[in-house]
Each structure stands twice: as C-alpha cells, then as structure tokens.
Amino acid sequence: MALRLGFDIDGVLADFRTAFEAAARGGATVGANPESDEEEGGEPLASRDVKRVWAMVQRTSNWWTRLAPHEPEQIARLYSLSRGLRWEVVFMTRRPESSGDPVQFQTQWWLESQGFYLPSVVTVPGSRGDLANALRLDMVVDDQLHNCVDVVSGSSAKTILLLRDPGAHALRDHAMSRGIGVVSTLREALDVLERAQHVLAERRGRLNRLIDWFQTGHEDSLPLKPRSPRPAPQD
Numbered sequence: 182m183a184l185r186l187g188f189d190i191d192g193v194l195a196d197f198r199t200a201f202e203a204a205a206r207g208g209a210t211v212g213a214n215p216e217s218d219e220e221e222g223g224e225p226l227a228s229r230d231v232k233r234v235w236a237m238v239q240r241t242s243n244w245w246t247r248l249a250p251h252e253p254e255q256i257a258r259l260y261s262l263s264r265g266l267r268w269e270v271v272f273m274t275r276r277p278e279s280s281g282d283p284v285q286f287q288t289q290w291w292l293e294s295q296g297f298y299l300p301s302v303v304t305v306p307g308s309r310g311d312l313a314n315a316l317r318l319d320m321v322v323d324d325q326l327h328n329c330v331d332v333v334s335g336s337s338a339k340t341i342l343l344l345r346d347p348g349a350h351a352l353r354d355h356a357m358s359r360g361i362g363v364v365s366t367l368r369e370a371l372d373v374l375e376r377a378q379h380v381l382a383e384r385r386g387r388l389n390r391l392i393d394w395f396q397t398g399h400e401d402s403l404p405l406k407p408r409s410p411r412p413a414p415q416d
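Whatever position you read off the sequence shown (first residue = 1), add 181 for my numbering.
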C-alpha cells in the first residue's frame with residue numbers, strides 16, 4: 182500500500198516569508214519566495230503594509246514563480262521517493278491570484294523547476310480537513326498549526342507540523358499534545374515518511390508476498406524525468 186500524501190507549499194517548500202518581508206520593506210520583491218499563509222514570529226507588519234504588499238503581488242505577473250525554495254535538494258528527493266515508493270502526492274495552497282498565469286499553473290511550473298515533475302496542485306480556499314478527507318490522504322505536512330488541527334479534526338489523516346522556528350517551544354508542545362508530529366526541516370519530514378512507508382510494508386509483509394505471486398515479470402516503468410524521450414521498445 183502506497184502512501185497518499187498532502188504537502189503545503191509556502192513555508193514547507195517555498196520561502197514565502199522572505200519575499201513578503203522584502204516587499205514590505207519596499208524592495209522590488211521579485212526573487213525570494215512564495216506562500217500566502219499568515220506570518221508567524223518576528224515583528225508583525227502594520228495592516229496597511231500587509232495590504233500594500235498583497236496589492237503589489239496581485240499586480241506582479243507570475244509572482245509565485247519567483248520564490249526561492251527552502252531546501253531545493255529535498256524537493257527533488259520528494260519526487261524520487263514518490264516514484265520509487267509509489268506515493269501519491271498532492272500539493273495544497275491557498276495562494277491568492279497574481280497577474281499572469283493562474284496560481285495553479287504558476288505553482289506547477291515552480292515545482293517542476295525544482296525537480297518535481299507533473300505535480301498535482303490543488304488551490305484550497307476552504308478547509309484542509311475537508312480536502313484531506315475527500316482525497317483520502319494518509320498524512321499531511323504543513324507549517325501552520327491551525328491547518329494541522331483542521332486536518333486531524335476533519336479527516337483520518339495524520340499530520341506533521343514543519344516548525345522552522347527553533348524557539349517556538351510552546352507551539353511545539355501544543356502540537357505534540359494533540360498528537361501532531363513536529364519536525365524542523367523538510368528533510369526530517371521526508372525521513373519520517375520513509376520510515377512510515379517501511380513500517381506499513383512490514384505490517385503487510387504476508388500480503389505483499391501473496392501479491393508477488395501474481396506478478397508477471399518486469400513492469401514497464403515510465404522514465405524518471407517525464408520530459409525526456411521514452412526509449413524505443415526492444416524486439
């Protein structure tokens with residue numbers, strides 16, 4: 182049984198906060214990160230600054246494609262794991278619109294540029310819990326505690342809170358008291374998911390062996406990079 186996984190974008194994969202704060206300081210914005218959830222930690226921005234930055238985002242063509250990744254090598258690793266372990270991965274975001282292409286396409290384009298090919302992206306205006314339930318997700322990785330709580334309350338999915346602030350001890354304790362796993366990097370999150378997959382495989386070991394009896398030989402696999410030409414079949 183392969184895992185069905187949901188990943189938030191901003192704060193988990195993309196460094197939205199740096200870009201947003203740069204724009205708030207009056208910088209040109211372009212070039213650091215993407216994700217539209219509220220800021221946590223640091224000095225809060227005045228409401229007029231927040232409105233000004235979001236207005237700028239809305240005017241900027243394809244703003245969401247200009248963001249820097251937090252851990253670029255781990256995004257490529259996630260793709261490799263999803264192919265090797267047959268994970269079904271859905272990326273979830275509530276990014277508002279910007280000028281240019283639709284947010285969904287901008288996000289897909291960004292993910293492919295980071296090494297995750299043919300990504301499935303869902304823009305989520307409402308409850309993450311409802312979405313996790315509808316998609317029958319096994320686990321969700323998010324950087325916002327309220328999203329994690331929404332998922333565990335509204336579905337059978339487990340959640341991992343990616344908490345990059347090492348000083349947020351109270352938030353970490355609160356999450357863990359509610360049965361939410363906490364990690365500080367995407368690398369740690371992927372390590373946890375790998376272990377979860379292996380545990381699942383061990384618990385279903387006998388069934389897996391029965392399934393192997395019905396295999397008819399080597400399966401023809403699609404190329405790791407789907408943009409590459411597929412080799413011609415051998416006679």
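Beta carbons are placed, not taken as given, at the ideal position from N, Cα and C, and that holds for glycine. Here the structure is a predicted model, which means the values were calculated and not measured.
If you draw a straight line from the C-alpha of residue i to the C-alpha of residue j, how long is it?
i	j	result
N389	L194	With a pLDDT of only 45 at N389, under the threshold of 50, the placement of this residue in the model should not be trusted, and no figure is reported.
V238	I190	17 Å
G360	H327	13 Å
R206	A227	12 Å
R376	G362	13 Å
K232	D346	25 Å
R229	D354	33 Å
E254	R275	24 Å
S301	A204	29 Å
M320	L352	20 Å
H379	A236	46 Å
Over what stretch of residues does the alpha helix (DSSP H) that includes residue i continue unbroken?
i	result
D311	309–315
F201	197–205
D346	Unbroken run through D346: none, as it is neither H nor E.
In the DSSP assignment, find the unbroken beta strand (DSSP E) run with residue i in it and report its ends.
i	result
F272	269–274
V364	362–364
Apart from the five residues on each side of it in sequence, which residues of its chain come closer than 7 Å, Cβ to Cβ, to residue i?
i	result
W268	A183, L184, L186, L262
A370	V322, I341, L343, V364
G296	I256, A257, Y260
Rounded to the nearest angstrom, how far is the Cβ of residue i from that of residue j, given a contact under 8 Å?
i	j	result
I341	V373	6 Å
W291	L318	Not really, about 22 Å apart at Cβ, beyond 8 Å.
A313	S336	4 Å
Take residue i and list the residues in its own chain whose beta-carbon comes closer than 6 Å to its own, dropping the five residues that flank it on each side.
i	result
V270	L186, S263
W244	V238, S279
C329	D323, T340, L342, I361
Where DSSP assigns a beta bridge to residue i, which residues make up the other side?
i	result
T304	T274
D189	M273
P250	A195
So, for residue i: in the same chain, excluding its five sequence neighbours on each side, which residues have a beta-carbon less than 8 Å away from its beta-carbon?
i	result
S294	T246
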